[in-house]
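Here the sequence shown stands for residues 3 to 182, where the numbers follow my numbering.
Data block below; observations after.
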Amino acid sequence: NSLKEGFTESEKKIGKSINELFAKVEGRIIVATFASNIYRIQQIVDACVTCNRKIALFGKKKKKAIEVGQQIGYITPPKGTIIETGEINKYKPEELCFLCTGSQGEPLAALSRIANGTHKQISLMPDDLVVFSSNPIPGNAAGINRIINKLYLKGIKVITNSEFSDIHTSGHAKQDELKL
Numbered sequence: 003n004s005l006k007e008g009f010t011e012s013e014k015k016i017g018k019s020i021n022e023l024f025a026k027v028e029g030r031i032i033v034a035t036f037a038s039n040i041y042r043i044q045q046i047v048d049a050c051v052t053c054n055r056k057i058a059l060f061g062k063k064k065k066k067a068i069e070v071g072q073q074i075g076y077i078t079p080p081k082g083t084i085i086e087t088g089e090i091n092k093y094k095p096e097e098l099c100f101l102c103t104g105s106q107g108e109p110l111a112a113l114s115r116i117a118n119g120t121h122k123q124i125s126l127m128p129d130d131l132v133v134f135s136s137n138p139i140p141g142n143a144a145g146i147n148r149i150i151n152k153l154y155l156k157g158i159k160v161i162t163n164s165e166f167s168d169i170h171t172s173g174h175a176k177q178d179e180l181k182l
């Protein structure tokens with residue numbers, strides 16, 4: 003971001019946007035974000051708690067990151083918020099959020115398999131919303147766009163970070179931050 007003017011958006015603003023988005027969604031929410039972004043994962047947990055949603059985790063890296071985040075006290079879901087993947091059928095769609103790997107279009111990640119219709123536990127439903135709470139790393143845009151296209155072709159609503167939806171901010175400083 004050193005070539006971009008201004009300041010990077012704050013995580014506080016992103017958390018507010020995520021809460022507002024989650025409050026509006028009537029179906030399941032499928033979120034892909036970086037497994038290493040522990041603070042963002044906590045923001046998603048907070049939004050799910052506020053909106054009475056259970057979280058099911060899909061992807062080894064995502065599960066491991068959340069496990070470590072909980073051990074060190076950075077991810078603090080109330081008891082019963084994170085459920086086992088085998089329990090998802092016990093809940094109504096509006097009570098579920100799936101937090102999964104695949105924000106960068108990785109072909110074997112959970113989101114790719116969901117989009118391809120090859121995931122063992124999740125089949126897409128008409129009211130699903132897929133949220134990419136990330137920006138493409140250079141070189142990954144084509145893979146991400148393939149997934150988005152597959153989702154659109156199945157009639158799934160997709161939200162990516164843009165000037166119209168603040169659902170991700172960079173961890174890299176822009177020019178004014180670098181000057182400071």
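Even glycine gets a Cβ: it sits at the ideal position worked out from N, Cα and C.
Query, Result
"Checking 7 Å against the spacing of the C-beta atoms, do Lys56 and Leu23 come in under that value?", "no"
"Please classify Pro80 as buried or exposed, where buried requires at least 16 neighbouring CB atoms within 10 angstroms.", "exposed"
"Among Asn137, Val132, Gly88 and Ala143, which residue has its Cα nearest to the Cα of Lys122?", "Gly88"
"So, for Gly82: in the same chain, excluding its five sequence neighbours on each side, which residues have a beta-carbon less than 8 Å away from its beta-carbon?", "Lys56"
"Can you give the Cα-Cα distance for Lys156 and Met127, rounded to whole angstroms?", "9 Å"
"For a cutoff of 7 Å on Cβ pairs, would you count Lys181 as touching chain B?", "In the structure shown, chain B cannot be found, because there is only a single protein chain."
"Quick check: Val27 and Ile46, are their CB atoms within less than 7 Å of each other?", "no"
"In three-state DSSP terms, what is Thr162?", "strand"
"Are Ile90 and Ala49 touching if we call contact CB-CB under 7 Å?", "no"
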